[in-house]
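A.B. asks: To start, I am sharing the structure in question, which I have written as structure tokens.
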């Protein structure tokens, strides 16, 4: 091989490696670094707003306090629990049926009966 072919070959290898590293660095910056910086900016803005409010003497709670459950009637508490339980079960049923449909698996008969009892219609997606 001639000497200038070695120069061309190594030049191409170095340029290809630099291009690959550039693309890799761009993807890391775009997918991980920029969202992290946006999150940091949001956190810093929230912190500065709370800091300024605290300096002015306005208390800013970190979260809204829960209502005291001690004075809530028992029947209301039971109704709220049952309502939440039913919502969680329905959401779990829908997720399970959708997951089975997405994977092309047959549905469980019990799931279909429960969905029918809850008034849900199981419609197969076309794609």
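In UniProt numbering, the protein residues as written are 1 to 127. Don't be surprised by glycine CBs; every beta carbon is placed ideally from N, CA and C.
Quick one: grab the DSSP three-state call for residue 100.
C.D. replies: Helix, per DSSP.
A.B. asks: Could you tell me whether the Cβ atoms of residue 96 and residue 86 are closer together than 8 Å?
C.D. replies: Against a cut-off of 8 Å, the Cβ pair of residue 86 and residue 96 comes out as no contact.
A.B. asks: Between the beta-carbon of residue 90 and the beta-carbon of residue 118, is there less than 8 Å?
C.D. replies: Yes, the Cβ-Cβ distance between residue 90 and residue 118 is below 8 Å.
A.B. asks: Considering only their Cβ atoms, is the gap separating residue 121 from residue 93 smaller than 8 Å?
C.D. replies: Going by C-beta atoms, residue 93 is not nearer than 8 Å to residue 121.
A.B. asks: Measuring straight from C-alpha to C-alpha, what distance separates residue 4 and residue 103?
C.D. replies: C-alpha separation (whole angstroms): 57 Å.
A.B. asks: Could you compute how far the alpha carbon of residue 129 sits from the alpha carbon of residue 46?
C.D. replies: Because the chain is modelled from 1 through 127, residue 129 falls outside the range shown and cannot be assessed.
A.B. asks: Specify, as a first and last residue, the run of the alpha helix (DSSP H) that residue 132 falls within.
C.D. replies: One cannot answer for residue 132 here, as it falls past the ends of the chain, which runs 1 to 127.
A.B. asks: Span of the alpha helix (DSSP H) holding residue 5?
C.D. replies: From DSSP, the alpha helix (DSSP H) with residue 5 extends over 3–28.
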